[in-house]
Structures are given as C-alpha cells and as structure tokens.
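Residue numbers (the working numbering): 1190 to 1596. Just so you know, even glycine gets a beta-carbon here, dropped at the ideal spot from N, CA and C. Here is the structure we will look at, set down as structure tokens.
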Amino acid sequence: MQRDAMLKPLSGYTVIELGSTVAGPFCGRLLADFGASVIKVETPEGDALRSMGSHKDGVSLYALSMFRNKELISVDLRNEEGQSLLRQLVDKADFVIENFRPGTLERWGLSYETLSASNPGLILIRISGYGQDGPYSRQPGYGVIGEALSGLRSITGDPDRPPARVATSLSDYVTGLYGAFGGMLALEARHRTGKGQIVDTALAECAFSFMEPHVMAYDQLGVIAERAGSRLPGSSPNNLYQSADGCFIHVAALADPIFRRLCTALGDPGLADDPRYVSNRLRSQHSDDVDALVQEWVGARSYEEAHRLLTAHDIPHAKIYNIDDVFTDPHFCARETITRRPHDSLGMVAVPNVTPRLSDTPGQVDTLGRETGADTASVLGRMLGISAEALAGLHSRGVIFDERLAR
1190 MQRDAMLKPL SGYTVIELGS TVAGPFCGRL LADFGASVIK VETPEGDALR SMGSHKDGVS
1250 LYALSMFRNK ELISVDLRNE EGQSLLRQLV DKADFVIENF RPGTLERWGL SYETLSASNP
1310 GLILIRISGY GQDGPYSRQP GYGVIGEALS GLRSITGDPD RPPARVATSL SDYVTGLYGA
1370 FGGMLALEAR HRTGKGQIVD TALAECAFSF MEPHVMAYDQ LGVIAERAGS RLPGSSPNNL
1430 YQSADGCFIH VAALADPIFR RLCTALGDPG LADDPRYVSN RLRSQHSDDV DALVQEWVGA
1490 RSYEEAHRLL TAHDIPHAKI YNIDDVFTDP HFCARETITR RPHDSLGMVA VPNVTPRLSD
1550 TPGQVDTLGR ETGADTASVL GRMLGISAEA LAGLHSRGVI FDERLAR
C-alpha cells in the first residue's frame, strides 16, 4: 500500500500496532491519520473489534474507520516464529503500541528490554487497565471498568437512578489519545537524547483525569461528587430544557454577562439584578429556581423560535442532536466533519474526518480498513525480504495469515 504522506507531520515514522479493540487501535489511527506508516498486527482470528458494532454484508463497519490508513498483517505471536518476525519488524520501527495485560509481552520474550536492545530509540506505548505496576496491574480491564474504578461512573446519570454510561467507548478513546500524546512527548525527548522510552497509559487513570475538579473539592472540603443528570453543579444555568415541540436544548449561560443577556431574551432584564442571581456562585445556590425560569420560557416556544431568540442574544445553546442531525447539519457539512472513502464492496462509506486540523500539514483519510491479513505478504516481503516461497511456508504452518497465500 503506497500512501502520499509527503506533507504529513509523521511521514517517515514507522509504528507497529499490537493493540486490539479500541484504545490501542485508536492510538494507532491517530498516528496513521497524520502520515505515520502504521502496521497493524492481528492474530489469525482477527482483532476482537471486528466482532463489535454494526456489520453489513459480512463487513465490520467499525473496523473500516478504526483500521483506516493502516497496513494490516496477521501474525501468531503465541508462536516462536511469529515472535521472531515481530522482533525483526520492531527493529525497523519507531513506535510499538500494545494494550495487552501487563506481563504478556514479557511472557512472549518481547519485553522492552529485549526489543530496545537492538533498537535503543524505540518508543513503546503501553495501554492497560491499571498501568504497568501497582496491585491491580495484572487484572483484566476495559474502558468501562476504568470508568467505574476512577469514580467517573459515580457522577454519570440522574441522581435518582443507577450510575449510567455514555453509549460509546469514551475512556478507550481518551486513553488512545493520551497514548498518542505521550508518544509525541517521547519522540521529542528522543530528538534530544537519542533514546526511546516506555509510555505507560492506564485506562483508569485516563478516566480519572475527567474527575479533576472533584479531587480538590474532596481533599479540601470533603465533598463527594454525585450524579446530577444534565445539570453541572456549580454552574447555572447550565442544563437541558424542553421546547414546546419536544426538542431538548442545552443552554449554558453560566457567565454573568451571558446570564444578563439571557434575562433580556427572557423578556425580564431586571432579573439579572435579583440578589439571588447576580453571580454564578449565587445562582448555583438557587439552581432549581433558575432552571424553572428558563424551562418556562423554553417550554412556551418551539425549538426554532427559542433558537432564533437565543441566537439573537448570543447565548451559547444547542439542540440535542442525534447522528442523523449531525450528518445534515450545515456547519458540519461545510467543515467536512464527515468524509467518504471508497470500499471494494460497500461503495462510498462515511467515516469521521481527521481531528485536529493542521493548517500546513493536515492529516487525511486515505484508505479504509480492510480484511485481516490483507497486507501480510507485501509487508513481510518488503520490510524483511522474505521470499514468496518462505511466506507460503509460514502461512501453511499457521505462523502468518494472508488470504492471498491460501489461493
């Protein structure tokens, strides 16, 4: 697979991605979007992510985006020959991404000490449930488990219902993002020292990073944060309100000048001078009253009328969108937040575009994810000089997998 990455900031760097499901592959996807040559290594059975989410005509739709811009090879790392192939690939790499349970690489003879002995500049991005050390380090973990342990789930949902979750792999994504960020920091350090290092990224700690304001409140005041539904404690008004035609609108008028403008929109400018409402701190002590005032106003109007008046008074607000709304919103369309790329059997497929946007060296979605082992023969032949005959032998012994070798 040849890619035009000349103007991409990570062009020339090679990444071996051993990660599975979401956190590791998302970390690799971020690097691939900006030009890194990412070689994703799957087991012959394929990444577990391929069984997650929606499918069409036998194709994993999730994998189309998560495995985009990557070369896909299949190597059995439980096999000594497979481990030898991986070590040879790592010798030519700048990064390795893995999200196995701590100790797995070491058990396979693939510790950082072993890998970096012949490649001292290697950066190993390690993603796990709880980190590489500590009493929980060897326990299994997923993003949702990290959310539970971090306290994040305790503040998610309505106060009169059990803890809820966001209907996506929130912590896996943010952990992949932290992993990529840590990898870039390690790369900058390598420019100065010539040495690589380990980036230890824990799902539970990345989820805990969302708890930042509650740490000091507990430490200094003994406050244990609780679920507050769509309201943000200490910030008022900052909540959902339902229009007369059933639309939910989130209004965030917490800053005092914005609240004053909101009062004008509500038709009662003097409300901003009410002693209970003159500051966000005081309004937060009377959030029920403030929310009732805003709900009464929003509930008497259609969404379009409320939207028009809130916009006219420069009030931050948004209708709660579903995915159909996002696809058709003129702003998202103008910025091409969703892009389309061709697939061999499905035609044009929509995927999220690259984030963030760089003015001079932007990333790009070049190719969609493909089947397990799609590039095994070409990558091993190109990078390791393995002959077609030897590749066929490796395939027949179950060390590697590539459908083309089975024909």
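Rounded to whole angstroms, the separation of the alpha carbons of L1421 and D1457 is 24 Å. Counting only residues of its own chain and dropping the five nearest sequence neighbours on each side, H1244 has a CB closer than 8 Å to the CB of L1250. Note on I1316: 16 or more other CB atoms within 10 angstroms of its CB, so buried under the neighbour-count rule. Secondary structure note for P1402: its alpha helix (DSSP H) is the uninterrupted segment E1401 to L1410. In this structure, S1360 keeps its C-beta atom at 8 Å or more from the C-beta atom of A1414.
At least 8 Å separates the beta-carbon of A1442 from that of P1464. When only Cα atoms are considered, S1468 and F1399 end up about 26 Å apart. Judged by DSSP secondary structure, Q1272 falls within the alpha helix (DSSP H) whose first and last residues are E1269 to V1279. In the DSSP assignment, D1389 falls within the beta strand (DSSP E) that extends over I1387 to A1391. Per DSSP, H1475 is not a residue of any beta strand (DSSP E), being assigned neither H nor E. Three or more Cβ pairs closer than 8 Å define a contact, and the segment 1561–1568 meets that threshold against the segment 1263–1274.
When S1305, N1428 and D1389 are compared, the shortest CA-CA separation from S1476 is found for N1428. Residue pairing by DSSP puts N1428 in a beta bridge opposite V1440. Among the bridge pairs identified by DSSP, A1507 is matched with H1439. The Cβ atoms of G1213 and E1295 do not sit closer than 8 Å to each other. Taking a C-beta distance under 8 Å as the contact criterion, A1454 and I1504 qualify as a contact pair. In the three-state reduction of the DSSP assignment, G1536 falls in the strand class. The beta carbon of L1253 is closer than 6 Å to those of V1538, L1557 and G1558 in its chain, skipping five residues each way along the sequence.
For the options F1370, A1353 and R1470, the alpha carbon positioned closest to that of S1419 is the one of A1353. Here the segment 1579–1591 makes no contact with the segment 1539–1555; the two share fewer than three CB pairs at distances below 8 Å.
In this structure, G1320 and A1391 form a Cβ contact; the two beta carbons are roughly 4 Å apart against a cut-off of 8 Å. DSSP lists F1284 as the bridge partner or partners of I1312. Taking a cut-off of 8 Å for Cβ pairs, the segment 1217–1230 and the segment 1195–1204 touch, as three or more such pairs fall below it. If you ignore the 5 residues before and after M1255, its C-beta comes within less than 8 Å of the C-beta of V1211, P1214, F1215, R1218, L1238 and G1558, all in its own chain and listed in chain order.
DSSP places I1334 within a helical segment (H, G or I) once states are collapsed to three.
Bridge pairing for E1231: S1263 [DSSP].
DSSP places T1453 within a helical segment (H, G or I) once states are collapsed to three. In the DSSP assignment, T1517 falls within the alpha helix (DSSP H) that extends over I1512 to T1517. In the three-state scheme derived from DSSP, where H, G and I count as helix and E and B as strand, T1203 is classed as strand.
Within the DSSP bridge table, the entry for H1244 names S1249 as partners.
Rounded to the nearest whole angstrom, the CA to CA distance from T1357 to A1221 is 22 Å. Taken through DSSP and simplified to helix, strand or coil, T1528 comes out as strand.
Sequence-distant partners of W1486 (beyond 5 residues in either direction) whose C-beta falls short of 7 Å from its own C-beta, in its chain, are L1455. Taking 8 Å as the cut-off, the Cβ atoms of Y1466 and V1479 count as close. Using a 10 angstroms sphere on the CB of K1259, the tally of other CB atoms reaches 16 or more, which defines it as buried. When secondary structure is reduced to three states using DSSP, P1214 falls in the helix class.
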